[in-house]
Every structure is written in C-alpha cells, then in structure tokens.
Amino acid sequence: MDCNQVQEMVAQCESLGPAERAHVAACAACSAVAESWGQLEALLRDDPAVTVPDGFADRVMASIAEQPRPAARWFERRWVQYGMVQVGALVSLFNLFRFVLRLLVPSLSLGGTP
Amino acid sequence: MEDSFLINQTLTGQQDAFRLLILRHQRGVFRFLGVLGFRGQAAEDLAQEAFLRAFRHLGGFDPSRAKFSTWLFTIVRNLAANEAARAHHRHADRELESAPGLVDPAPDPLQQALASERQGRLREALARLPDILRTALLLTRVEGLSLEEVAKVEHCAVGTVKSRVFRARELLRAALSQES
Chain A
0 MDCNQVQEMV AQCESLGPAE RAHVAACAAC SAVAESWGQL EALLRDDPAV
50 TVPDGFADRV MASIAEQPRP AARWFERRWV QYGMVQVGAL VSLFNLFRFV
100 LRLLVPSLSL GGTP
Chain B
0 MEDSFLINQT LTGQQDAFRL LILRHQRGVF RFLGVLGFRG QAAEDLAQEA
50 FLRAFRHLGG FDPSRAKFST WLFTIVRNLA ANEAARAHHR HADRELESAP
100 GLVDPAPDPL QQALASERQG RLREALARLP DILRTALLLT RVEGLSLEEV
150 AKVEHCAVGT VKSRVFRARE LLRAALSQES
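Pasting the structure below:
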C-alpha cells in the first residue's frame, strides 16, 4: 500500500477502508501522521482557553423571550395560504362555469379541444 | 433529534426547542469565535447576538440549501467581521492586543506537564498559523463542514478553501519537521 496515498486520505479527512486502517496500524510513519492529525483536531476541539460561559443558553433564551415569534416560512404564512385557497376556488369556479356552459350551449367552444 | 425538527418546533412557537439548538451548537460557535480572535465577554456578546439573529431569521432559513450549522457559522462570521471592522475604526489597539487568538493564553502548568513533546510542538505550530488557515482547519476537521460549506461561511471559492487547508497542512508539516 502506498504510504503517500494513505497519508493524503488521512489529511483530507477521508474515511479509511479496512485495508487502509490495517496499513495505518502496521506502518509507523502513517500511524505517526494519523496520530498528529488526531492530536491537532483535539487541540482545536478542546482548546482550554475556549469555554462556553455558565448559563449562556439561559441568557440567550431570556433575550429571546422579549422577541416576537420568528416569522414562519413564506409558504406557511397565513395570508399566502389564504391567497392560495382563493386562487384555487376561483379556478374551480371557472371550470364549473365552463362545464355548465358547455352543457347548456353544446356548440360553444371555450378553448377546449374541438 | 434533527436540527430541522427543532427548527420547525421553534417556528410553531415552542421556544424550548431553540434552547436545544443553542446547547447543541454553542461550543462550536465559541470555538469558531476563538479562532477568529474573540474570547471572554467579546465572544459571549457575539455568540449571543448570533443566536438572537438566527432566531429572528429562522423562517428564512432554507434547510435544502445549507445545514443549520453552516448558516449559523455564516452569521457568526459576518458579525465577527463587522465587529473587527468597528474595532479597527475605533483604533482600539489596546483591546485588540488583548484579544484572544493574537496572544497565547497562559499555559496551564499541569496540562503542560501532561502534554507530550509532539503535542507541544503541534500546539505552537497551530498558534503560529494565520487565522484564516486555522479557521479552515477548524471548520473542516472539527466542525465537520465540507469544503463547499466552508466556502459559503467564508464567502470565498471552494478552491480557496482547498488551498487554505492545503497550506495549513504544509505549514504544520514544515514546522513539525523543522523542530523534530
């Protein structure tokens, strides 16, 4: 197995297959590279100087309590839904009107297939 | 529980769902702010504003276009950039000097003793990396964002992110091989 290829995969965060994992376990150079990346991630992830202050979420929620409820997505807004119902009703009414007119005046064509 | 479920719950008026979103993402937000050079009260103010902004604009968030974390990091990034610009205009040099990321925090003696030599070298090499390279590393390797997602957060091309990650890796590798 090519060490460069494996080390490249480790560096690119690609998930290793069973063969690559076995190679890393057996190869001192590749396992050192993998260990370095693991340590690097740990340093970035667990930086002791970066802490979430106690009660942070509570303070944010207290500020949020003073905010109006966030607007729903556009298609969920009441006036949009109302408008869509109105348009639907108008289309249905028009089709009903066409149907009745055809029954009453069979010779009349309103854009349908002759 | 998926983020999208918690977002929908929040939009239907259940604010406690948003608390879960905060708890899930707060550490990542503070880590990101730390890499961008904000810690302490400055970081808390920005993080609080970021979550408030996310709450206010939650209805405009489109889960089909981005993950919640990507969207949130973008908000954090914009706020941090604005704050940095404001600080620059105020010529608050003293504040900037004490800003984290520019000055290494005092090392904890116990941690220092426990840390291996290699880890110590890695820590030093990491601290010497430029902020934009550290940001690219953090977002890809710790926060699990794809290159495309990082590009959205950083308002740059995917190729730029790729080259930043590559440069960070090369600088770290060079630093480690020089010292070993």
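Order-wise, the sequence lines are chains A and B.
Numbering that gives the first Met the number 0 puts the last residue of the first sequence at 113; the count rises by one with no breaks.
Numbering that gives the first Met the number 0 puts the last residue of the second sequence at 179; the count rises by one with no breaks.
Glycine is no exception: its CB is placed at the ideal position from the N, C-alpha and C atoms.
Since the structure is predicted, the reported quantities are computational estimates derived from the model, not experimental observations.
- No Cβ-Cβ contact shorter than 8 Å links Gln47(B) with Ser35(A).
- Contact with chain B is absent for Arg97(A), since none of that chain's Cβ atoms lies less than 8 Å from the residue's Cβ.
- Measuring C-alpha to C-alpha distances from Glu43(B) to each of Glu1(B), Ala79(B) and Gly158(B) identifies Ala79(B) as the nearest.
- Distance from the CA of Glu1(B) to the CA of Pro129(B), rounded to the nearest whole angstrom, comes to 34 Å.
- Going by DSSP, Val152(B) is part of the alpha helix (DSSP H) stretching over Leu146 to Glu153.
- In this structure, the straight-line span from the alpha carbon of Leu5(B) to that of Glu82(B) is close to 29 Å.
- Per DSSP, reduced to three states, the secondary structure at Asp15(B) is helical.
- When Ala86(B), Arg120(B) and Gln14(B) are compared, the shortest CA-CA separation from Arg55(B) is found for Gln14(B).
- Interface with chain A (8 Å Cβ-Cβ cutoff): Gln8(B) is excluded.
- Contact holds between the stretch 150-157 of chain B and the stretch 56-73 of chain B, because three or more Cβ pairs, one in each stretch, are under 8 Å apart.
- With the rule of 3 Cβ pairs closer than 8 Å, the stretch 159-166 of chain B does not count as touching the stretch 16-30 of chain A.
- Within the stretch 132-160 of chain B, the residues whose Cβ lies closer than 8 Å to some Cβ of chain A are Arg133, Leu136, Leu137, Thr139, Arg140 and Val141, listed in chain order.
- Ser145(B) and Gly158(B) have their C-alpha atoms spaced approximately 12 Å apart.
- Taking the C-beta atoms as reference points, Leu15(A) is found no nearer than 8 Å to Leu171(B).
- Nearest C-alpha to Ala24(A) among Gln11(A), Ala10(A) and Val5(A): Val5(A).
- The Cβ-Cβ distance between Leu22(B) and Ala56(A) falls below 8 Å.
- Taking every protein chain shown into account, the CB of Val59(A) has 16 or more other CB atoms within 10 angstroms, so this residue is buried.
- In terms of beta-carbon proximity, Glu19(A) stays away from the interface with chain B, with every pair separated by 8 Å or more.
- By the neighbour-count criterion, in which a residue is buried when 16 or more other Cβ atoms sit within 10 angstroms of its Cβ, Arg30(B) is buried.
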